[in-house]
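Step one of this worksheet: look at the structure below.
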């Protein structure tokens with residue numbers, strides 16, 4: 001199994017504080033990897049560094065062999081790595097379909113200049129892209145809402161639309177930042193099924209940050225645990241569940257407790 | 001005139017009523033254009049012609065400011081680009097005998113280039129910080145025009161700027177200039193409409209609505225913001241040059257902070273979501289102070305009251321009147 005994403009010795013300082021310290025892990029093609037840890041462990045910082053929102057202070061991030069640390073998010077998306085955000089992140093006043101069309105921007109084979117002159121090729125390219133986006137909406141059960149403004153959708157649907165926007169970029173690696181935060185148990189279970197489904201049908205590799213242990217243990221092939229910005233464990237779900245340092249990180253040591 | 005937010009693709013799949021509306025809009029635009037073209041034949045009053053010319057130029061300034069606003073940035077230095085363009089073309093005509101049309105084109109390109117370079121640096125700032133820096137940039141331009149006396153003649157300004165001439169035919173008279181301004185207005189309108197309906201427009205709206213999500217959707221936010229700022233400022237520069245050749249005079253007072261604020265007011269009052277809004281704002285606010293001249297002492301108060309009431313009762317601007325009326329006549333029934 002070749003590594004799709006390699007995070008190597010990444011540190012990120014905010015002033016004198018290390019949010020991440022010498023973190024290394026990799027994600028192989030076709031895996032679902034979970035990134036977990038207590039609050040403030042540096043999961044989201046790690047996510048932001050990989051997706052280009054933050055530059056690492058030191059260390060390298062390679063995606064498909066390309067060095068991507070410090071690139072703009074838009075350039076990283078073009079390489080095939082897309083992410084979702086923790087909070088609801090959609091374009092609230094645009095329609096659901098338009099939201100996904102925007103997500104497909106990097107994969108729309110139309111040069112902006114051609115679309116300015118509205119050439120036949122540009123129209124055909126946009127129509128093909130719209131077709132693909134409509135299919136994606138159908139796939140995620142959002143098709144009935146395609147002409148509604150995204151901001152009017154119920155919360156659970158907006159979360160799913162966030163995934164749709166990321167998928168529209170046709171990523172090889174999909175990064176999900178707390179995909180079930182704020183969802184009720186049924187919605188969470190549904191999102192879990194969806195992730196597993198997409199992983200199988202779209203052949204997409206998944207890296208997810210999540211607090212919801214049942215989801216993580218249920219769908220991840222491998223888990224990386226961060227605490228205080230450092231990697232404290234890595235392994236199969238069963239190994240992580242019984243790992244002493246992980247239990248301590250979450251529950252405290254016996255003396256403290 | 002179109003709502004540029006409508007999806008651009010799959011026009012064949014628009015619902016029937018929307019297709020009908022498209023035709024109604026096209027006919028309306030054609031009728032408006034014909035009426036505008038016939039205007040000089042019915043208006044003999046030179047002052048009204050002057051107002052019409054200013055309204056057309058203001059519409060160009062406001063539409064180009066709207067383009068910058070479309071990426072979520074508010075420029076308080078729009079008039080400074082107009083001033084820069086005006087001085088470039090005026091100096092070219094006075095010292096190098098540059099034909100005005102060439103000067104106008106050169107002004108547009110030069111201001112667009114300046115804006116692209118400035119934008120590359122300034123557009124890292126967002127919100128109030130960007131507003132503040134563009135305000136300062138505007139003040140710097142005014143100060144340079146005032147103090148670089150050897151070139152700009154300081155507060156006296158440049159006089160005797162030649163009028164625009166097309167194929168040896170001078171457009172010095174107001175009625176003749178009107179056709180030039182109308183053609184320029186239509187050209188800018190069509191360009192910006194095409195821009196907003198293209199992938200550029202999609203990128204601009206994405207950035208305005210959620211810059212982080214736009215960036216992680218593969219839209220290079222800084223690149224598209226620079227593009228919008230350069231095109232918008234370039235149009236302002238060219239239009240500033242047109243103004244200089246129309247009023248045949250340019251001074252540090254021609255384009256000041258007050259003009260920048262006026263364009264923003266026109267944009268907001270007209271409605272900043274659509275190009276039509278910018279046009280309505282300019283058409284409404286350009287002549288308004290003159291119409292109120294009869295009430296001398298109350299002029300500014302009434303002007304202010306009109307602005308405030310538009311903002312209160314039509315938060316979407318004048319361009320939203322149609323929607324408002326449609327909503328009321330439908331009596332709150334859901335949209336078909």
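Chains as they are written, first to last, in our numbering: chain B, 1 to 257; chain D, 1 to 336. Glycine included, every Cβ here is placed at the ideal spot set by N, Cα and C.
Would residue 205 of chain B be called buried (16 or more neighbouring beta carbons within 10 Å of its own) or exposed?
Answer is buried; the Cβ neighbour count reaches 16.
Taking one C-beta from the segment 191 to 208 of chain D and one from the segment 22 to 42 of chain D each time, how about it: are there three or more such pairs within less than 8 Å?
No, they do not touch.
Using beta carbons (cut-off 8 Å, strictly below), is residue 116 of chain B in contact with chain D?
Closer than 8 Å: yes.
Partners in chain D for residue 103 of chain B, counting only beta-carbon separations shorter than 7 Å:
Listed along chain D are 217, each with a C-beta nearer than 7 Å to that of residue 103 of chain B.
Run the CB neighbour count on residue 187 of chain D, radius 10 Å, all protein chains shown included, and call it buried at 16 or more, exposed below.
Classification for residue 187 of chain D: exposed.
Identify whether residue 221 of chain B lies in helix, strand or coil by the three-state DSSP scheme.
Three-state DSSP puts residue 221 of chain B in coil, outside helix and strand.
For residue 40 of chain B, decide whether its Cβ has a neighbour in chain D, counting only Cβ atoms nearer than 8 Å.
At a cut-off of 8 Å between beta-carbon atoms, residue 40 of chain B makes no contact with chain D.
Given residue 187 of chain B, which residues of its chain have a CB within under 6 Å of its CB, disregarding the five upstream and five downstream residues?
So the list reads 156, once near-sequence residues are dropped.
Give the range of the beta strand (DSSP E) segment to which residue 22 of chain B is assigned.
Unbroken beta strand (DSSP E) run through residue 22 of chain B: 17 to 28.
Taking 8 Å as the threshold (beta carbon to beta carbon), is residue 77 of chain B in contact with chain D?
Residue-level contact check: residue 77 of chain B touches chain D, since one or more beta carbons of chain D fall below 8 Å from its beta carbon.
Residue 144 of chain B versus B/121, B/162 and B/95, residue with shortest Cα-Cα distance
Of B/121, B/162 and B/95, the residue nearest in Cα terms is B/95.
Please report the straight-line C-alpha distance between residue 164 of chain D and residue 246 of chain D, rounded to a whole angstrom.
Approximately 7 Å, taken between the alpha carbons.
Taking 8 Å as the limit between beta carbons, can you name the residues of its chain near residue 93 of chain D, skipping five residues before and five after?
Contacts found: 99, 100, 103, 161, 162 and 245.
Using a Cβ-Cβ distance under 8 Å, would residue 69 of chain B count as near chain D?
No, its Cβ sits nowhere closer than 8 Å to a Cβ of chain D.
Where do the ends of the beta strand (DSSP E) carrying residue 234 of chain B lie?
Where residue 234 of chain B is concerned, the enclosing beta strand (DSSP E) stretches over 230 to 235.
Rounding to the nearest angstrom, what Cα-Cα distance links residue 122 of chain D and residue 104 of chain B in this structure?
A direct Cα-Cα distance of roughly 28 Å separates residue 122 of chain D from residue 104 of chain B.
Should residue 324 of chain D be labelled buried (16 or more other beta-carbon atoms within 10 Å of its own) or exposed?
Burial call: exposed.
Ignore the nearest five residues each way along the sequence and tell me which others in residue 64 of chain D's own chain have a CB closer than 6 Å to its CB.
Answer for residue 64 of chain D: 232, 235 and 236, listed in chain order.
Between residue 262 of chain B and residue 242 of chain B, is the Cβ-Cβ spacing less than 8 Å?
Since the first residue of chain B shown is 1 and the last is 257, residue 262 of chain B is not available in this structure.
Comparing C-alpha positions only, which one of D/263, D/310 and D/178 sits nearest to residue 279 of chain D?
For residue 279 of chain D, the nearest C-alpha among the options comes from D/263.
Inter-residue Cα distance where the pair is residue 135 of chain D and residue 81 of chain B
Between the alpha carbons of residue 135 of chain D and residue 81 of chain B lies a gap of roughly 39 Å.
When you compare only the Cα positions, how much space is there between residue 242 of chain D and residue 208 of chain D?
The alpha-carbon of residue 242 of chain D is positioned some 30 Å away from that of residue 208 of chain D.
For residue 81 of chain B, which beta-bridge partners are listed by DSSP?
Under DSSP, residue 81 of chain B takes part in a beta bridge, and its partners are B/173.
Could you work out which residues of chain B lie near residue 206 of chain D, taking near to mean beta carbons separated by less than 7 Å?
Within chain B, the residues 91 and 102 have their CB atoms less than 7 Å from the CB of residue 206 of chain D, given in chain order.
State whether the segment 166 to 185 of chain D contacts the segment 112 to 122 of chain D, with contact taken as three or more CB pairs (one from each stretch) at a distance under 8 Å.
Touching, no, given that fewer than three Cβ pairs across the two stretches are closer than 8 Å.
Through-space distance from residue 193 of chain D to residue 15 of chain B, alpha-carbon basis
About 46 Å.
Keeping to the same chain, check which residues put their C-beta closer than 7 Å to that of residue 256 of chain D; ignore five residues upstream and five downstream.
Correct list, in chain order: 79 and 142.
Secondary structure of residue 162 of chain D, DSSP reduced to three states
Residue state, collapsed to three classes: coil.
Would residue 200 of chain D pass as an interface residue toward chain B - the criterion being a Cβ-Cβ separation below 8 Å?
Residue 200 of chain D counts as touching chain B.
Taking DSSP as the reference, what is the three-state secondary structure of residue 329 of chain D?
In the three-state scheme derived from DSSP, where H, G and I count as helix and E and B as strand, residue 329 of chain D is classed as helix.
Would you mind telling me which residues of chain D sit closer than 7 Å to residue 73 of chain B, beta carbon to beta carbon, in chain order?
Below the 7 Å Cβ cutoff, chain D contributes 215 and 216 as neighbours of residue 73 of chain B, in chain order.
Limits of the beta strand (DSSP E) - the one that residue 8 of chain B falls within
Following the DSSP letters along the chain, one finds residue 8 of chain B inside the beta strand (DSSP E) bounded by residues 3 to 14.
Under 8 Å, Cβ to Cβ, is there at least one residue of chain B near residue 203 of chain D?
Among the residues facing chain B, residue 203 of chain D is included, as its CB has a counterpart in that chain under 8 Å away.
Between residue 109 of chain D and chain B, is any beta-carbon pair separated by less than 8 Å?
False, the Cβ-Cβ gap to chain B never drops below 8 Å.
Do residue 230 of chain B and residue 21 of chain B have their C-beta atoms closer together than 8 Å?
Taking the C-beta atoms as reference points, residue 21 of chain B is found nearer than 8 Å to residue 230 of chain B.
Grab the span of the beta strand (DSSP E) containing residue 134 of chain D for me, first residue to last.
Element bounds for residue 134 of chain D: not the beta strand (DSSP E) but the alpha helix (DSSP H), 128 to 147.
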